[in-house]
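For reference, the structure is listed below as structure tokens.
Protein chains: 2
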Amino acid sequence: MTRELHLNLFIHARGHHEAAWRHPAASPLPLTDIRYYQDLAQRAEAGLFDSIFLADQLALGDDVAHAPRTWLEPITVLAALAGATSRIGLIATASTTYTEPFNLARQFASLDHISGGRVGWNIVTSWLAAAAGNYGGERQLSHAERYARAEEFMQVVTALWDSWADDAVLDDRASGTYADPRGIRPINHQGAYYRVAGPLNLPRGPQGRPVLVQAGSSDTGRRFAARHAEAVFTAHQEKAAAREFYADLKALAAAEGRAPEQVLVLPGLSPVIGSTEAEAQRIARELNDLSDPEVGRKRLSGRFGGHDFSHLPLDRPLSPEDFPDPGTVEAARSRTEVILGLVRREGLTLRQLLHRLAGARGHYTMAGTPEQVAALIEDWFLAGAADGFNVMPAVLPGMLDTFVAEVVPILQRRGLFRREYAGRTLRAHYGLPRPPVRPAPAARPDLAAE
Amino acid sequence: MTRELHLNLFIHARGHHEAAWRHPAASPLPLTDIRYYQDLAQRAEAGLFDSIFLADQLALGDDVAHAPRTWLEPITVLAALAGATSRIGLIATASTTYTEPFNLARQFASLDHISGGRVGWNIVTSWLAAAAGNYGGERQLSHAERYARAEEFMQVVTALWDSWADDAVLDDRASGTYADPRGIRPINHQGAYYRVAGPLNLPRGPQGRPVLVQAGSSDTGRRFAARHAEAVFTAHQEKAAAREFYADLKALAAAEGRAPEQVLVLPGLSPVIGSTEAEAQRIARELNDLSDPEVGRKRLSGRFGGHDFSHLPLDRPLSPEDFPDPGTVEAARSRTEVILGLVRREGLTLRQLLHRLAGARGHYTMAGTPEQVAALIEDWFLAGAADGFNVMPAVLPGMLDTFVAEVVPILQRRGLFRREYAGRTLRAHYGLPRPPVRPAPAARPDLAAE
Numbered sequence: 001m002t003r004e005l006h007l008n009l010f011i012h013a014r015g016h017h018e019a020a021w022r023h024p025a026a027s028p029l030p031l032t033d034i035r036y037y038q039d040l041a042q043r044a045e046a047g048l049f050d051s052i053f054l055a056d057q058l059a060l061g062d063d064v065a066h067a068p069r070t071w072l073e074p075i076t077v078l079a080a081l082a083g084a085t086s087r088i089g090l091i092a093t094a095s096t097t098y099t100e101p102f103n104l105a106r107q108f109a110s111l112d113h114i115s116g117g118r119v120g121w122n123i124v125t126s127w128l129a130a131a132a133g134n135y136g137g138e139r140q141l142s143h144a145e146r147y148a149r150a151e152e153f154m155q156v157v158t159a160l161w162d163s164w165a166d167d168a169v170l171d172d173r174a175s176g177t178y179a180d181p182r183g184i185r186p187i188n189h190q191g192a193y194y195r196v197a198g199p200l201n202l203p204r205g206p207q208g209r210p211v212l213v214q215a216g217s218s219d220t221g222r223r224f225a226a227r228h229a230e231a232v233f234t235a236h237q238e239k240a241a242a243r244e245f246y247a248d249l250k251a252l253a254a255a256e257g258r259a260p261e262q263v264l265v266l267p268g269l270s271p272v273i274g275s276t277e278a279e280a281q282r283i284a285r286e287l288n289d290l291s292d293p294e295v296g297r298k299r300l301s302g303r304f305g306g307h308d309f310s311h312l313p314l315d316r317p318l319s320p321e322d323f324p325d326p327g328t329v330e331a332a333r334s335r336t337e338v339i340l341g342l343v344r345r346e347g348l349t350l351r352q353l354l355h356r357l358a359g360a361r362g363h364y365t366m367a368g369t370p371e372q373v374a375a376l377i378e379d380w381f382l383a384g385a386a387d388g389f390n391v392m393p394a395v396l397p398g399m400l401d402t403f404v405a406e407v408v409p410i411l412q413r414r415g416l417f418r419r420e421y422a423g424r425t426l427r428a429h430y431g432l433p434r435p436p437v438r439p440a441p442a443a444r445p446d447l448a449a450e
Numbered sequence: 001m002t003r004e005l006h007l008n009l010f011i012h013a014r015g016h017h018e019a020a021w022r023h024p025a026a027s028p029l030p031l032t033d034i035r036y037y038q039d040l041a042q043r044a045e046a047g048l049f050d051s052i053f054l055a056d057q058l059a060l061g062d063d064v065a066h067a068p069r070t071w072l073e074p075i076t077v078l079a080a081l082a083g084a085t086s087r088i089g090l091i092a093t094a095s096t097t098y099t100e101p102f103n104l105a106r107q108f109a110s111l112d113h114i115s116g117g118r119v120g121w122n123i124v125t126s127w128l129a130a131a132a133g134n135y136g137g138e139r140q141l142s143h144a145e146r147y148a149r150a151e152e153f154m155q156v157v158t159a160l161w162d163s164w165a166d167d168a169v170l171d172d173r174a175s176g177t178y179a180d181p182r183g184i185r186p187i188n189h190q191g192a193y194y195r196v197a198g199p200l201n202l203p204r205g206p207q208g209r210p211v212l213v214q215a216g217s218s219d220t221g222r223r224f225a226a227r228h229a230e231a232v233f234t235a236h237q238e239k240a241a242a243r244e245f246y247a248d249l250k251a252l253a254a255a256e257g258r259a260p261e262q263v264l265v266l267p268g269l270s271p272v273i274g275s276t277e278a279e280a281q282r283i284a285r286e287l288n289d290l291s292d293p294e295v296g297r298k299r300l301s302g303r304f305g306g307h308d309f310s311h312l313p314l315d316r317p318l319s320p321e322d323f324p325d326p327g328t329v330e331a332a333r334s335r336t337e338v339i340l341g342l343v344r345r346e347g348l349t350l351r352q353l354l355h356r357l358a359g360a361r362g363h364y365t366m367a368g369t370p371e372q373v374a375a376l377i378e379d380w381f382l383a384g385a386a387d388g389f390n391v392m393p394a395v396l397p398g399m400l401d402t403f404v405a406e407v408v409p410i411l412q413r414r415g416l417f418r419r420e421y422a423g424r425t426l427r428a429h430y431g432l433p434r435p436p437v438r439p440a441p442a443a444r445p446d447l448a449a450e
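These protein sequences, in sequence, are chains D and G. Using the UniProt record's numbering, read the first sequence as starting at 1 and increasing by one per residue. Using the UniProt record's numbering, read the second sequence as starting at 1 and increasing by one per residue.
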């Protein structure tokens, strides 16, 4: 079977460069205007992307004075995008730590019905410390505790999605039979964190379950992804590291008894595209010149558990001693390690590091021509570093339009990317099977004998 | 100022009669198909209704074998309806008992942005005992406890919606100033049930806050409505009872320091409409003949805390002794009292009672001509029994179409109902002011003096 390249559009602010919101190629619409998101999803659909993706954080950033830290709530946005598009997959982030599993299972099942089977859920455990304060917490749960809860959360929501047989609804008007109760069962979950009786109060969606997406790359995150994820968003600065991650994740998935090709690995790629390399470099410089070092310092501090970087001069080379031990950071650990790797390898100054992170927060950035971008995509794809990419245009919609108009046709000519949608669901685009209803746990013979 | 009549379309199953889903005038679409809801909202908008409304329950009914107990999740549906309509208000039910206040405040603020200011929230405390089992509960919270939580919940969500000044977002691309932090403040709520730091991570919506709707009619429910609700859905079997409720609620609102005209009272009205009275009666009989007494018994049992009605013969007149004491029912108390009132006044048999409840679950039902329906609406409106109606068509879309085509023009000719939308928000349709941001609690002088 030929491997197929997959492309996801990651919609973030007015583009992934920190200063994109101020750039002339950025959308004129407010970030609370649904037309902005609808327009981007339609442009990505015109480019035959597999999906669009919305990230999320459950607290306001403390740098909102100088950074565009507002966006609409992802689940409501997906429902609004479903009606504005017809084929593209729609992925929203939602938290296992701060949502009731019954509510989350139900809203995603509803989205799957509303979109005709185009929904994916990006599973997060919410690393942002400030989020805990919005949900009754005195303190943030530890990284390990969040993942332990998430593991049980997955059991609950999967059981809820499987609580209706695919053919349970009969809707037989003549006989007055609406559903076959033998196809609907309670889940009676009683665990360490959750007690949920079920069944869900909504029939199974067109995809059975939403496509499960994950982005945690710590050891715990990888093991979680290997067990549950069908697509993984990941951040790498080098092809070698991406290949290593790719091989590791596929091996972990196989060890869990899963088919490795059913866990797609999609590294982030944030391209600044110009007709010539010089033009691309010029746009990249424009963006860096528009960025605010104080916003960058605050974001870096947020990544490192609130560590204070305000005393560091902007133009002296950094050393690892300027950073706290990543083992002490109860946040998005894998991303902090990517940043430390950059510092160690390249001897950047703080200003240079902030420019690098301003590009796409630690994801791979490049400035180049459409040919160069397509070459990188082909290279990583063929080298076993990626099943496709999480495309993070530096400026939206500007760099997305260039990508669709100039990079996609190259990928199509090389036989790497679709020329039309073959299927109608996100599972079809990603080449993933529709999961059958998992059988109920077998009755315990010791109880049955009573 | 002339009083204006308000009309809301209550979308439920394939119509409010229990057997509507089987009737030939009902929609052919599945109840999980978003087009069904979009089509109804568009028909109501064509009829210049103020709003549509979606009820909700957080557990599957136990009579799903013979009753259409499935629907999409209301918040996701509203987002999808926003794009399919442009003027009509959109009201969804959500629970204060089983939702995190930060999530609820955020999703409704997001919906208000997405719809351009057309959203309302029907506040419920979730009386259904089975819901507790889906949210970790060993037992259902008592009626009093649910309302105590709801009271604090309202403080939290109101403070979150008011945590951004209307002009806090500057989005000044030239200077790089995104927001004015002086207009954004934490809420630091610490109460008996909730601790929420805030601010919300989303700017204030076009309406400031969603329109607040409520439907609890118990004493506690009325006091809650008098404090918070801007529109109240209510169920009455007689004009006299409706007038009494209307006067009581307006007086309670005044006692809370609110303008009585800013609490709209909208009784339920479930009309079966025919060109002649005989035709209307015929359709009503068809519907009753399609209904299933066993479904009716189960629903009645659900209303009375699980009380068993299976031993009662269908055709002997009921007495109040056939029912449990409503004071012992921890459910939707006011509705149980309406039912007992019917039994006492009219000496119904169980079969007759089930037919009456099959119509619209205790709401006012009538079978008549468009003239008769319009006359009742005018009578109740002018008599101070209603500010408008929660229209609950017996069959959807059949009876809605008849209402729009034949009842609305009569109301317009009598100068009672709009001939075009004057405003663009639900607040504008309902004649409600846009709430200003409530000032933060004053600093305590004893602390300031330290």
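Here a beta-carbon is modelled for each residue, glycine too, at the ideal position from N, C-alpha and C.
### Query
For Arg-139 (chain D), does the count of other Cβ atoms within 10 angstroms reach 16, so buried, or fall short, so exposed?
Start at 1 with the first residue of the first sequence, and residue 139 (chain D) comes out as number 139. It is exposed - the Cβ of Arg-139 (chain D) has fewer than 16 other Cβ atoms within 10 Å.
### Asn-103 (chain G) - containing alpha helix (DSSP H), residue span
The residue given as residue 103 (chain G) occupies position 103 in the second sequence. 101 to 114 is the span of the alpha helix (DSSP H), which, as asked, contains Asn-103 (chain G).
### Message
My output table needs one value for His-189 (chain G): the three-state DSSP class, helix, strand or coil.
### Response
Counting from 1 along the second sequence, the entry for residue 189 (chain G) is found at position 189. Strand, per DSSP.
### Task
Give the range of the beta strand (DSSP E) segment to which Leu-48 (chain G) is assigned.
Indexing the second sequence from 1 puts residue 48 (chain G) at position 48. Looking at the DSSP string, Leu-48 (chain G) is not in any beta strand (DSSP E), and its letter there is neither H nor E.
### Message
Within 8 Å of any Cβ in chain D, is that where the Cβ of Trp-21 (chain G) sits?
### Response
On the second sequence, position 21 is the one that residue 21 (chain G) refers to. Yes, because at least one Cβ of chain D sits closer than 8 Å to the Cβ of Trp-21 (chain G).
### Test: Pro-393 (chain G) CB closer than 8 Å to a CB of chain D
Locating residue 393 (chain G) in the second sequence gives position 393, counting from the first residue. Answer no: the Cβ-Cβ gap between Pro-393 (chain G) and chain D never drops below 8 Å.
### Message
Between which residues of its own chain and Leu-300 (chain D) is the CB-CB distance below 6 Å, once the five residues before and five after are set aside?
### Response
Position 300 of the first sequence, counted from the start, is the residue given in the question as residue 300 (chain D). These residues qualify, in order along the chain: Phe-309.
### Query
Is the beta carbon of Arg-146 (chain G) less than 8 Å from the beta carbon of Thr-85 (chain G)?
Sequence index remark: in the second sequence, residue 146 (chain G) carries index 146 (1-based). Sequence index remark: in the second sequence, residue 85 (chain G) carries index 85 (1-based). Going by C-beta atoms, Arg-146 (chain G) is not nearer than 8 Å to Thr-85 (chain G).
#### Entry: Supposed contact pair Asp-56 (chain D) and Pro-30 (chain D) - C-beta distance, whole angstroms, cut 8 Å
The residue labelled residue 30 (chain D) in the question sits at position 30 within the first sequence. The residue labelled residue 56 (chain D) in the question sits at position 56 within the first sequence. About 18 Å separates the two Cβ atoms, so there is no contact after all.
### Message
Assuming Leu-266 (chain G) and Gly-388 (chain G) are in contact, meaning their beta carbons sit under 8 Å apart, how far apart are those beta carbons, in whole angstroms?
### Response
As a position in the second sequence, residue 266 (chain G) is number 266, starting the count at 1. As a position in the second sequence, residue 388 (chain G) is number 388, starting the count at 1. 5 Å between Cβ atoms; contact.
#### Entry: Closest Cα partner of Val-213 (chain G) within the set G:Ala-92, G:Phe-381 and G:Leu-312
Translated into the one-based positions of the second sequence, residue 213 (chain G) becomes position 213. Val-213 (chain G) has its Cα closest to that of G:Ala-92, out of G:Ala-92, G:Phe-381 and G:Leu-312.
### Query
Taking Cβ-Cβ distances shorter than 8 Å, what residues in chain D pair up with residue 451 (chain G)?
Residue 451 (chain G) is absent from the structure shown; chain G starts at 1 and stops at 450.
### Message
Tell me which residue opens and which closes the alpha helix (DSSP H) that Ala-129 (chain G) is part of.
### Response
On the second sequence, position 129 is the one that residue 129 (chain G) refers to. Start and end: 129 to 132.
### Task
Mind reading off the beta-carbon distance from Gly-198 (chain D) to Asp-292 (chain G)? Whole number of angstroms is fine, and I expect it under 8 Å.
In the first sequence, residue 198 (chain D) corresponds to position 198, counting from 1. In the second sequence, residue 292 (chain G) corresponds to position 292, counting from 1. Going by Cβ atoms, the distance from Gly-198 (chain D) to Asp-292 (chain G) rounds to 25 Å, so no, they are not a contact pair.
### Query
Cβ of Pro-397 (chain D) within 8 Å of Cβ of His-16 (chain D)?
As a first step, residue 397 (chain D) must be located in the first sequence, where it is residue number 397. As a first step, residue 16 (chain D) must be located in the first sequence, where it is residue number 16. Not closer than 8 Å, so no.
### Task
Please state whether DSSP places Pro-293 (chain G) in a helix, a strand or coil.
Residue mapping note: residue 293 (chain G) aligns to position 293 of the second sequence, counting from 1. Here Pro-293 (chain G) sits in helix by DSSP.
### Query
Going by C-alpha distance, which of G:Asp-325, G:Gly-268, G:Ala-20 and G:Tyr-37 is nearest Ala-215 (chain G)?
Position 215 of the second sequence holds residue 215 (chain G). The option with the nearest alpha carbon to Ala-215 (chain G) is G:Gly-268.
### Query
What are the boundary residues of the beta strand (DSSP E) that Gln-214 (chain D) is part of?
Counting from 1 along the first sequence, the entry for residue 214 (chain D) is found at position 214. Start and end: 211 to 214.
#### Entry: Pick from G:Leu-252, G:Val-263, G:Pro-28 and G:Ala-192 that is closest to Asp-172 (chain D), judged by C-alpha positions
Translated into the one-based positions of the first sequence, residue 172 (chain D) becomes position 172. Taking only the C-alpha atoms, the option nearest Asp-172 (chain D) is G:Pro-28.
### Message
If distances are taken between C-alpha atoms only, which option among G:Leu-58, G:Arg-223 and G:Val-64 comes closest to Glu-18 (chain G)?
### Response
Here the question's residue 18 (chain G) lines up with position 18 in the second sequence. Checked all of G:Leu-58, G:Arg-223 and G:Val-64; the closest Cα to Glu-18 (chain G) is G:Val-64.
### Task
In the DSSP assignment, find the unbroken alpha helix (DSSP H) run with Ile-273 (chain G) in it and report its ends.
In the second sequence, counting from the first residue as 1, residue 273 (chain G) sits at position 273. Element bounds for Ile-273 (chain G): not the alpha helix (DSSP H) but the beta strand (DSSP E), 264 to 273.
### Message
Only counting the same chain, and skipping five residues up and downstream in sequence, which positions put a Cβ closer than 8 Å to that of Val-295 (chain D)?
### Response
Locating residue 295 (chain D) in the first sequence gives position 295, where the first residue counts as 1. Contacts found: Glu-18, Asp-63, His-66 and Ala-67.
### Task
State the start and end residues of the unbroken beta strand (DSSP E) segment that holds Trp-121 (chain D).
What you label residue 121 (chain D) is simply residue 121 of the first sequence in a count that begins at 1. Run containing Trp-121 (chain D): 119 to 124, per the beta strand (DSSP E) assignment.
### Message
Which residues of the stretch 181 to 196 of chain G have a Cβ closer than 8 Å to any Cβ of chain D? Give them in chain order.
### Response
Pro-181, Ile-184, Tyr-194, Arg-195 and Val-196
#### Entry: Beta-carbon spacing of Gly-7 (chain D), Leu-40 (chain D) below 8 Å
The residue labelled residue 7 (chain D) in the question sits at position 7 within the first sequence. The residue labelled residue 40 (chain D) in the question sits at position 40 within the first sequence. The question names Gly, but residue 7 (chain D) in the sequence shown is Leu. No, the Cβ-Cβ distance between Leu-7 (chain D) and Leu-40 (chain D) is not below 8 Å.
### Message
So, at 6 Å on beta carbons, what are the nonlocal neighbours of Gly-205 (chain G) in its own chain, with the 5 sequence-adjacent residues on each side left out?
### Response
Numbered from its first residue, the second sequence carries residue 205 (chain G) at position 205. Counting only Cβ-Cβ distances below 6 Å, and skipping sequence neighbours, we find Ala-109, Asp-112 and His-113.
#### Entry: Buried versus exposed call for Thr-2 (chain D) [16 or more other C-beta atoms within 10 Å across all chains shown]
Residue numbering aside, residue 2 (chain D) sits at position 2 when the first sequence is read from its first letter. Exposed, because fewer than 16 other Cβ atoms sit within 10 Å of the Cβ of Thr-2 (chain D).
### Task
Would you kindly report the start and end of the unbroken alpha helix (DSSP H) that includes Tyr-147 (chain D)?
Numbered from its first residue, the first sequence carries residue 147 (chain D) at position 147. Tyr-147 (chain D) -> alpha helix (DSSP H) spans 143 to 161.
### Task
Could you check how far apart the C-beta atoms of Met-366 (chain G) and Leu-376 (chain G) are, in whole angstroms? I think they sit under 8 Å.
If you number the second sequence from 1, residue 366 (chain G) lands on position 366. If you number the second sequence from 1, residue 376 (chain G) lands on position 376. With a Cβ gap of about 6 Å, Met-366 (chain G) and Leu-376 (chain G) count as contacting.
### Query
Under three-state DSSP, which class holds Asp-172 (chain G)?
In the second sequence, the residue the question calls residue 172 (chain G) occupies position 172. Reduced to three states, the DSSP call for Asp-172 (chain G) is strand.
### Task
Using a Cβ cut-off of 8 Å, pull out every chain D residue sitting near His-66 (chain G), in sequence order please.
To locate residue 66 (chain G), count along the second sequence from 1; it is residue 66. Chain D residues near His-66 (chain G): Gly-176, Thr-177 and Tyr-178.
### Message
Taking the alpha helix (DSSP H) that Leu-252 (chain D) belongs to, which residues open and close that run?
### Response
Within the first sequence, residue 252 (chain D) is the residue found at index 252, counting from 1. Taken as a continuous stretch (DSSP letters only), the alpha helix (DSSP H) holding Leu-252 (chain D) covers 239 to 255.
### Query
Is the Cβ-Cβ distance between Arg-106 (chain G) and Leu-202 (chain G) less than 8 Å?
Counted from its first residue, the second sequence places residue 106 (chain G) at position 106. Counted from its first residue, the second sequence places residue 202 (chain G) at position 202. Their beta carbons are under 8 Å apart, which means Arg-106 (chain G) touches Leu-202 (chain G) by this criterion.
### Task
Find the nearest neighbour of Thr-234 (chain G) within the set G:Pro-435, G:Gly-362 and G:Gln-262, judged by alpha-carbon distance.
Residue numbering aside, residue 234 (chain G) sits at position 234 when the second sequence is read from its first letter. It is G:Gly-362 whose Cα lies nearest to the Cα of Thr-234 (chain G).
### Asn-122 (chain D): contacting residues in chain G (beta-carbon distance under 9 Å)
Indexing the first sequence from 1 puts residue 122 (chain D) at position 122. Result: empty, since nearest Cβ-Cβ is about 16 Å, beyond 9 Å.
### Query
Going by DSSP, what residues sit across from Ser-310 (chain G) in a beta bridge?
Counted from its first residue, the second sequence places residue 310 (chain G) at position 310. Its beta-bridge partners do not exist; DSSP assigns none.
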